[in-house]
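First to last, the sequence lines map onto chains U and P. Using the working numbering, read the first sequence as starting at 1 and increasing by one per residue. Using the working numbering, read the second sequence as starting at 1001 and increasing by one per residue.
There are 2 protein chains.
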Amino acid sequence: MLRISKLSDYAIVLLCEIAKAERGEGTTARQLAATTQIALPTVVKLLKMLKEDGVLLSMQGRNGGYRLARRPSETNLAVIIEAVEGPIALTECMSEELDCQIHSKCNTRPHWVHINAAFRQALSVVTLNDLTTGTMPVPVTLGGVRVAAL
Amino acid sequence: MLRISKLSDYAIVLLCEIAKAERGEGTTARQLAATTQIALPTVVKLLKMLKEDGVLLSMQGRNGGYRLARRPSETNLAVIIEAVEGPIALTECMSEELDCQIHSKCNTRPHWVHINAAFRQALSVVTLNDLTTGTMPVPVTLGGVRVAAL
DNA sequence: TTAAACAGTACTGAATTGGTCCCATTTTAC
DNA sequence: GTAAAATGGGACCAATTCAGTACTGTTTAA
Ligand code: FES
Ligand code: FES
């Protein structure tokens, strides 16, 4: 099927919510669970991951909570998805130094490197700011031909 | 992890092999299993899928086998992957008409449509011909900035 | 001192994926 | 005419990955 995981999807929703609340102050896991309808344990798990990867900052203790580590305009989808799912590597041989005996003399690898980069770039141009304010997508061209559908 | 499935990877390998053998004539599942080292039942399964989606033509009977339905230069990665994994839909709501209650007022959808299109395009510019002859990737630009890494 | 928050880790059940098996049908060689 | 070699079409099982839960500890401020 080739889709991003549910957890990544949730993470994006959570971060949008945090970005909105940012006008005031930090947000707690409990509040986020309430407003997004995502189960609290799941919210907690995701916020931990995002913190770990430097997307969020956390404050412990009584009046603690989470805040964005960077501005909404500097927090993009590629970073978010990588925080939840790990590095974007469309094929096995892109992430690990595997043997790859099947591809006899690998003509395919350079193409995958390229596809991988294009995909990551497409993700990275979309920021939290775009998602919360409704900015339109950046035009994309491939081989000189405009791509962006719709 | 966000990667294409092993089966898609195998399918690409198989098709490269068929494309190479095409100089002569069609190829059988048994031959492909032998040359690619992929287990015969798996090869059979994949060839069926590719046939079903119109990527391959099949001939039954004693001297039967498989051939490409179109020229190598007209058979691209997007089509191959879609034959094996189904339509490219990075988020759930892109394929099914689901309710999507979580995203309050969906600002995200247009961006996903865009990312999806960019990704599919990146896949579709790579053809079997490129993979077997070692053509270099087409340049990609995003918002005017050249992307293609390496 | 206590309550509310994050930190870390381990575990379980569900869903998807990868891989196998079986039998039917078609075609050709002998 | 018959047997062999190929595809056609299911159903099926095993292994991995993913999603979700639970528990226990640490920090901070009222
Ligand atoms: S896929 Fe890794 S070398 Fe070909
Ligand atoms: S993701 Fe489907 S409408 Fe937002």
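Ideal placement from N, C-alpha and C gives every residue a C-beta, glycine not left out.
When beta bridges are read from the DSSP output, Ser1058/P appears opposite Tyr1066/P.
For the segment 56-86 of chain U, the set of positions with a beta-carbon nearer than 8 Å to some beta-carbon of chain P reads Leu77, Ile81, Glu85 and Gly86 in chain order. Judged by beta-carbon spacing, Ile1080/P lies beyond the 8 Å limit of Val1043/P, meaning their Cβ atoms are not closer than that value. In the displayed model, Thr1027/P falls within a strand according to three-state DSSP. For Met49/U, no CB of chain P lies under 8 Å from its own CB, so it is not counted at the interface with that chain.
Under DSSP, Thr1127/P takes part in a beta bridge, and its partners are Asn1076/P.
Its chain contains Leu1068, Pro1072, Leu1128 and Thr1132 as the residues whose beta carbon lies nearer than 7 Å to that of Ala1019/P, once the 5 sequence neighbours on both sides are disregarded; these appear in chain order.
Ranking Glu1052/P, Asn1063/P and Ala1011/P by CA distance to the CA of Gly1026/P puts Asn1063/P first. If you draw a straight line from the Cα of Val1125/P to the Cα of Ile1115/P, it is about 16 Å long. In this structure Leu47/U is in contact with Ala29/U, their Cβ atoms being roughly 6 Å apart against a cut-off of 8 Å.
Only residues of its own chain outside the window of five on either side were considered, and among them Ala78 and Ile88 have a CB closer than 6 Å to the CB of Arg120/U, listed in chain order. At a C-beta separation below 7 Å, Leu1123/P has these neighbours in chain U: Ile115. What Ile1088/P touches in chain U, judged by beta-carbon distance under 7 Å, is Leu2, going in chain order.
The C-alpha of Leu123/U lies about 16 Å from the C-alpha of Leu7/U.
Looking from the CA of Asp1130/P, the closest CA among Cys1093/P, Ala1034/P, Thr1075/P and Val1084/P belongs to Thr1075/P.
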